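Quick notes on the structure that follows.
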Amino acid sequence: MKQNAVKIGLMVAMLLSLMVGNAEWSEALEVRSGNSYGDFQVMFEPLKPTYNVGEHIQFRIKGNKTFYLYLFSIDSRQNRGYVLLPNVLQQYHKYSANTEYLVPEKNVEFYSEQPGTERIIMLASTEKLDIKLEKYAKSGNLFASEAFQIEQEVKSLRVRSKKKETQKVTRELSLVILGDGRRSGRVPPPANTPPGERQRVSAFVSSDRTGYRAGDTMKISFGADKEGFVYLFSIEPDGRRTLLTKQAVTGHKFYQVAGRATLPGGEHSLIAVYNERNDLNADDIRLPNFGQKSKGIELLGDWPESYAVYHLNVTQ
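Just add 13 to the spot in the sequence shown (first one is 1) and you have this note's numbering.
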């Protein structure tokens, strides 16, 4: 960790795996658009829709008036909220009108230590709004408290003003944070795959919890960084697999389905498979089997163009 790095409190979701019930809905998640206050307009977006654990997270921002910026992160699962801006290293900063900025600044780094789905709240104001940071606990170079208190702070800032002409814009965005190694949302192709045929597209999948009891509701986030289709499979401990849903993807959004964890208990797998032309044969596609040990025989078959794996535990 760099000395000046700032850890973001995320909605923690370890890349474990599970058996999901029928998908109930599917929704594209993206930055909420069209937010403005009168003639005050702000563009706020991440540099990309997904980041890896430990990767520097940056946002692009631009307003048509000079403004002050406030950033927050809410971790509902851990009941924690964080004030990202201002922080110990970067205090209140005025951003000039009609100039595009990358935030955070060079001496500050935002990153996630856990994979999952991240919620960011941005508030831009044409007037400086003071936050009583002393009432919050320090978490590294950030200020932290219970999620409810941080959400109340955001609501308070939206109505707090000394001048009638003050204008404010609030926007929210969601990011997918990918893991690595055992927690990875991506599995490489076999070692004998020709270099030119190795993955050129990144599929991803994650969930909102580290583990589930049978009957628990869950939300799965998935997608890919290229336009096409993503097939979402579940694999039980005994190797049986089920196609949960198929989704057309744009390449710059991620999607969510809601499901229910079911028995049998144990370690299950979610696999998101990318296919460009929507011509995948879901019954014949070759997928990794994490529930059974190899007996020295590897079945023939075509590996998918790109796939991601997410491991979860289900208990009674």
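A virtual CB, placed ideally from N, CA and C, is assigned to each residue, including glycine. Just so it is clear, the structure is predicted and the values come from calculations on it, not from any experiment.
Inter-residue CB distance, residue i and residue j (contact presumed, cutoff 8 Å)
i, j, result
"PHE246", "LYS259", "Rounded, the Cβ-Cβ distance is 10 Å, inconsistent with contact."
"ALA332", "ASN65", "No information on residue 332 is available, as it lies outside the stretch 14 to 329 that the chain covers here."
"LEU181", "ALA137", "Note on residue identity: the sequence assigns Lys, not Leu, to residue 181. So it is a contact: roughly 7 Å between Cβ atoms."
"GLY185", "ILE144", "A small correction: the amino acid at residue 185 is Glu; Gly does not occupy that position in the sequence shown. About 18 Å; that fails the 8 Å criterion."
"VAL96", "LEU155", "6 Å"
"LEU276", "VAL286", "Not really, about 25 Å apart at Cβ, beyond 8 Å."
"SER86", "GLU131", "7 Å"
"TYR114", "ILE70", "At roughly 15 Å, the Cβ-Cβ gap does not stay under 8 Å, so TYR114 and ILE70 are not in contact."
"SER282", "ILE233", "At roughly 12 Å, the Cβ-Cβ gap does not stay under 8 Å, so SER282 and ILE233 are not in contact."
Per DSSP, cross-strand counterpart(s) of residue i
i, result
"PRO317", "DSSP lists no partner for PRO317."
"HIS106", "Paired residues: none, contrary to the question."
"VAL262", "GLY241"
"GLU280", "ASN326"
"TYR81", "LYS107 and SER138"
"LYS75", "MET56"
"GLU185", "ILE134"
"THR112", "Bridge partners of THR112: none, in fact."
"ALA157", "TYR95 and ALA150"
"LEU256", "PHE246"
"THR216", "With the sequence shown as reference, residue 216 is identified as Ala, and Thr is not the correct amino acid for it. Bridge partners of ALA216: ALA237."
"ILE298", "Paired residues: none, contrary to the question."
"GLY88", "Before going on, a small fix: residue 88 reads as Asp here, not Gly. Per DSSP, ARG93."
"LEU191", "ASN65"
Simplified DSSP assignment, three categories, for residue i
i, result
"LEU170", "helix"
"GLY304", "Interpretation of GLY304 is limited by its pLDDT of 47, a score under 50 that renders its predicted location unreliable; the figure taken from the coordinates is listed afterwards. Correct three-state label for GLY304: coil."
"ILE163", "helix"
"SER247", "strand"
"THR179", "coil"
"THR275", "coil"
"ARG226", "strand"
"GLU122", "strand"
"ASN288", "strand"
"ILE144", "coil"
Residue-level contact to chain D via CB, residue i, 9 Å cutoff
i, result
"LEU84", "Given the protein chain composition of this structure (a single chain), no chain D is represented."
Among the options, nearest to residue i - alpha-carbon criterion
i, options, result
"ARG226", "GLN54, GLU147 and GLY278", "GLY278"
"LYS78", "THR230, GLU178, GLN165 and LEU325", "GLU178"
"HIS106", "ILE87, LEU283, TYR83 and GLU131", "TYR83"
"THR263", "ARG253, ASP238, ILE248 and ALA271", "ASP238"
"SER219", "LEU188, ASP88 and ARG299", "LEU188"
"THR255", "ASP296, ILE233, ASN100 and ARG222", "ASP296"
"GLN329", "GLY224, ILE248 and LYS232", "GLY224"
"LYS61", "ILE298, GLY51, ARG73 and GLY67", "ARG73"
"GLY51", "SER109, SER169, GLY76 and GLU164", "GLY76"
"GLY252", "GLU280, ALA274, ARG273 and ALA271", "GLU280"
"ASP88", "LEU191, PHE235, PHE267 and ASP221", "ASP221"
"ASN120", "LEU102, SER109 and TYR320", "LEU102"
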